[in-house]
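**Student:** For reference, the structure I am asking about is given below.
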Amino acid sequence: MALILTHQDHIKTIKMAATLPAIYSGGGTQIKQSPVMKVPSPPPSGKPTGKYYLKPIKKFQGKKEKDLFYKQQQLRSQQPLLDKREAAQFRNTFFHTLCLDMLQEGFHQAFSELYALAKEQRQEREAAGPESSLWNKPLLEDSHEKLEMIKTLLSNSEQALRAGDRGAEYDARFKLARFFQSFSGDKQLSDHFFSSCLATSKAVEGDSGRMLAEGHCNVGLALEESENIFDACDNFEAFYKIVSEHKDWINAENETLYANSCKHLTRIYFKIGEKIEKDDQESSLSYLIKAYNMAKESTDKPLEGVASYKLGVAYNKNGDAETALLYLNGYLEICKAHDDEEGIGKACEAIAKAYENQGNIEESIRYLEQFVTVAERSKQDQAYSRACSDLGAVYNSLGRYDEATDYFSKSYNLSRALNDASSISMSRVFFGVTAAHRMIGGVVNHINVANRPTLERLTEWKNNRGDEFNKPIPVEEEPAMAKVVEEVMDEQTAEADEENKNNSNDAEDDEKQQDEEVKEEHEKTDE
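The opening position of the sequence shown corresponds to residue 49 in this note's numbering, with each subsequent residue numbered one higher.
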């Protein structure tokens, strides 16, 4: 049983011992156990074993130590007391504290968007693994400057949304997109906020769709940078459709949005045409035609010239050299009007190839010579090397090997000076081929003559590859004894010829005499 002590004012229960269950004997008789009183243990001696305990006041060993202690106490008393929130800033991460601030200030949508962005970035990093470049990239939740910017502008955006000011909401998100666009590794964040700008601009009223047009333009640029050119094209076309009805809108660079949209479409049509050229030449050509039309609408003559050049080259590849010449000549005229010597050289090169495809070699050579002259005058070393190589190839095909060798030699030497490995290899081969073509006639002549000097010249060429076959073929000098023998043989031949001649004359005389005798006998017989 428990021992209970009662007092008149207070009732205090002290449980001195625990009651054990009754013990039953074999006959069913219950044996009762007397209560056991617990005696409290004495207090432990020495240092307490608990986690916290009061340390005894340290006794100072000297005045210097005592002064240091009181100085520390004084400095500690001057520190401000921290409340719970301030203490949490030291205990929690910056990201955690910033999210709490956003929630306490009531910006729940801003908090949700920020947390979702940080979570998505962290998940992508973990999925990529420690070997990925993302693993070395700082996380958004560890970048204090970026977090502060997001908190400020997303809070402003949410506040503007509550007030129904969609324009202010768009501006806040646009600033965020531009902010992250300035960082090379945060394209994903800038794309996110540009997309949110486009979504916000659809709800803006009273600006005739200008914000919507700018939103399509920004998203198109972001998609183009990500090489998603087809979706970018859709956004640029939407941009063009809106601003074509408001051609007086001007951007910060004092350029009309209409002209700007034409330039964007020209550029994206170029990229699409180049991408699908191998698989579908007809569709590629149609995109280049669209690009040319957009360039004309932009009233930008240099851009129109580039579009003419690309379209002309495409027509030439498709076998329509006549149409190609129309666009290429247009490009040449624009380049001449703007004193663009580099463009003039490109135009001459392309026109020469078109004439070559038509079989008009004379015109092709004329434009290639213009290309060489312009490139040399404007000191375009690579273009000059290419022009010499092209002209050398034409001369080589015509059998004009001396001129071909000269131009290939210039191309080869210039490639070596530029240290252009690929051009050096190609020019070396062409130069060797034309040099062999120029040399082959002389080699054949020397082989046909086959005297000692010509054989010596052939052997020398095998040793040092020096071209001396254009020199006159040397005549072999005969030794003195050979001359004597030849003279004797000539005399003997002359004597033999004279003797044969005399014998021939005697035979003729005998034959005549016999004829006369036969004639006389016939006359006598007749009488």
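Virtual Cβ for every residue (Gly too), placed ideally from N, Cα, C.
1) Using a Cβ distance threshold of 8 angstroms, determine whether the region 241-249 contacts the region 214-226, with at least three qualifying pairs required.
2) Taking the alpha-carbon positions, what's the C436 to K384 distance?
3) Sorted by chain position, which residues of the same chain lie with C-beta nearer than 6 angstroms to I198's C-beta, five sequence neighbours on each side aside?
4) Strictly by DSSP, which residues pair up with F304?
5) In angstroms with no decimal places, state the Cα-to-Cα distance between S274 and Q229.
6) Anyone know if the C-beta pair for A208 and E196 falls short of 8 angstroms?
7) Could you check what DSSP says for T314 in three-state terms: helix, strand or coil?
8) Once the 5 residues before and after A528 are set aside, which same chain residues still bring their CB inside 6 angstroms of it?
9) Which residues mark the beginning and the end of the alpha helix (DSSP H) in which I324 is found?
10) Less than 7 angstroms between C-beta atoms, sequence neighbours within five positions excluded: which residues of the same chain meet that for S331?
11) Compare the C-alpha of N259 against each of L271, W297, E174 and name the closest.
12) Specify the secondary structure class of K194 as computed by DSSP and reduced to three states.
13) Spatial neighbours of A402 within its chain, please: CB distance less than 6 angstroms, with the 5 preceding and 5 following residues excluded, ordered by chain position.
14) Look at the alpha carbon of A431 and the alpha carbon of T347, and state the distance between them as a whole number of angstroms.
15) With 16 as the cutoff for other CB atoms within 10 Å, does T77 come out buried or exposed?
16) Is the separation between the beta-carbon of N366 and that of L333 shorter than 8 angstroms?
17) By DSSP, does E397 sit in helix, in strand, or in coil?
18) So which of D282, H144, K114, L466 has the shortest CA-CA distance to H264?
19) Are three or more beta carbon pairs between the region 164-184 and the region 112-126 nearer than 8 angstroms?
20) Locate the alpha helix (DSSP H) running through L188, then write down its first and last residues.
21) Taking the beta carbon of N603 as the centre, do at least 16 other beta carbons fall within 10 Å, making it buried, or is it exposed?
22) If you reduce the DSSP assignment to three classes, tell me which class T347 lands in.
23) Closest by CA to T453, which one among G447, Q562, A483?
24) Within 10 angstroms of its Cβ, does D328 collect 16 or more other Cβ (buried), or is it exposed?
25) In whole angstroms, give me the CA-to-CA distance for R414 and I382.
26) If I measure Cβ to Cβ from N308 and keep anything under 7 angstroms in the same chain, skipping five residues before and after, which residues do I get?
27) DSSP state of T453, grouped into three classes?
28) Specify the secondary structure class of G74 as computed by DSSP and reduced to three states.
29) Along the chain, which unbroken stretches of the alpha helix (DSSP H) at least 4 residues long are found entirely within the region 386-451?
30) Sort S180, L187, S203, K185 by Cα distance to Q157 and report the nearest one.
31) Report the CB separation of R486 from D450 in whole angstroms; it is logged as a contact under 8 angstroms.
32) If you drop the 5 nearest sequence neighbours on each side, which residues of the same chain put their C-beta closer than 7 angstroms to that of S244?
**Tutor:** To lay it out plainly:
1) yes
2) Position 388 of the sequence shown, counted from the start, is the residue given in the question as residue 436. Position 336 of the sequence shown, counted from the start, is the residue given in the question as residue 384. Spanning the two alpha carbons is a distance of roughly 22 angstroms.
3) Numbered from 1 along the sequence shown, position 150 holds the residue referred to as residue 198. So the list reads L162, once near-sequence residues are dropped.
4) Position 256 of the sequence shown, counting from 1, holds the residue named residue 304. Residue 304 is actually Thr in this sequence, not Phe. Answer is I298.
5) Taking the sequence shown and counting its residues from 1, the one referred to as residue 274 is at position 226. Taking the sequence shown and counting its residues from 1, the one referred to as residue 229 is at position 181. Computed Cα separation, rounded: 13 angstroms.
6) Here residue 208 refers to the residue found at position 160 when the sequence shown is read from its first residue. Here residue 196 refers to the residue found at position 148 when the sequence shown is read from its first residue. For A208 and E196, no; Cβs fall outside 8 angstroms.
7) Position 266 of the sequence shown holds residue 314. T314 falls in the helix class under three-state DSSP.
8) Mapped onto the sequence shown, residue 528 falls at position 480. Per-residue confidence for A528 stands at a pLDDT of 48, beneath the threshold of 50, marking its modelled position as unreliable; the derived number appears in the next sentence. Correct list: empty, nothing qualifies.
9) As a working mapping, residue 324 is identified with position 276 in the sequence shown. Note, I324: premise wrong, no alpha helix (DSSP H); not H, not E.
10) By one-based count along the sequence shown, residue 331 stands at place 283. Once the five neighbours on either side are set aside, the close Cβ partners of S331 are I324.
11) Within the sequence shown, the letter at position 211 stands for residue 259. Note on identity: in this sequence residue 259 is Met, with Asn being the wrong assignment. Of the listed residues, the one whose Cα sits closest to M259 is W297.
12) For the purposes of this step, residue 194 is identified with residue 146 of the sequence shown, where counting begins at 1. K194: helix per DSSP, three-state reduction.
13) The residue given as residue 402 occupies position 354 in the sequence shown. Contacts found: N364, A369, A372, L373.
14) Along the sequence shown, one-based indexing puts residue 431 at 383. Along the sequence shown, one-based indexing puts residue 347 at 299. Their backbone Cα atoms lie some 29 angstroms apart in a straight line.
15) The residue given as residue 77 occupies position 29 in the sequence shown. Its pLDDT being 49, under 50, T77 is placed unreliably in this model, and the coordinates cannot settle the point.
16) Taking the first residue of the sequence shown as 1, we reach residue 366 at position 318. Taking the first residue of the sequence shown as 1, we reach residue 333 at position 285. Closer than 8 angstroms, so yes.
17) As a first step, residue 397 must be located in the sequence shown, where it is residue number 349. Correct three-state label for E397: helix.
18) In the sequence shown, residue 264 corresponds to position 216, counting from 1. The shortest C-alpha separation from H264 is found at D282.
19) no
20) By one-based count along the sequence shown, residue 188 stands at place 140. Note, L188: premise wrong, no alpha helix (DSSP H); not H, not E.
21) Here the chain has residues from 49 to 575 only, and residue 603 is not among them.
22) Here residue 347 corresponds to residue number 299 of the sequence shown, with the count starting at 1. In this structure, T347 counts as coil in the three-state DSSP scheme.
23) By 1-based counting over the sequence shown, the position of residue 453 is 405. Among G447, Q562, A483, the Cα nearest to that of T453 is on A483.
24) Along the sequence shown, one-based indexing puts residue 328 at 280. With fewer than 16 Cβ atoms within 10 Å of its Cβ, D328 is classed as exposed.
25) Working through the sequence shown from its first residue, we reach residue 414 at position 366. Working through the sequence shown from its first residue, we reach residue 382 at position 334. Distance between the alpha carbons of R414 and I382: 20 angstroms.
26) Stepping through the sequence shown from its first residue, residue 308 is reached at position 260. Excluding sequence neighbours, N308 sits near N299.
27) Within the sequence shown, residue 453 is the residue found at index 405, counting from 1. T453: helix per DSSP, three-state reduction.
28) Within the sequence shown, residue 74 is the residue found at index 26, counting from 1. Unreliable placement is indicated for G74, whose pLDDT of 46 sits below 50; the coordinate value is still reported in the next sentence. Reduced to three states, the DSSP call for G74 is coil.
29) The qualifying runs are 389-406, 409-425, 429-445.
30) On the sequence shown, residue 157 is found 109 positions in, with the first residue counted as 1. Among S180, L187, S203, K185, the Cα nearest to that of Q157 belongs to S203.
31) If you number the sequence shown from 1, residue 486 lands on position 438. If you number the sequence shown from 1, residue 450 lands on position 402. A Cβ-Cβ distance of about 6 angstroms is found for the pair R486 and D450, placing them in contact under the 8 angstroms criterion.
32) The count along the sequence shown starts at 1 and reaches residue 244 at position 196. Only R221 meet the Cβ criterion.
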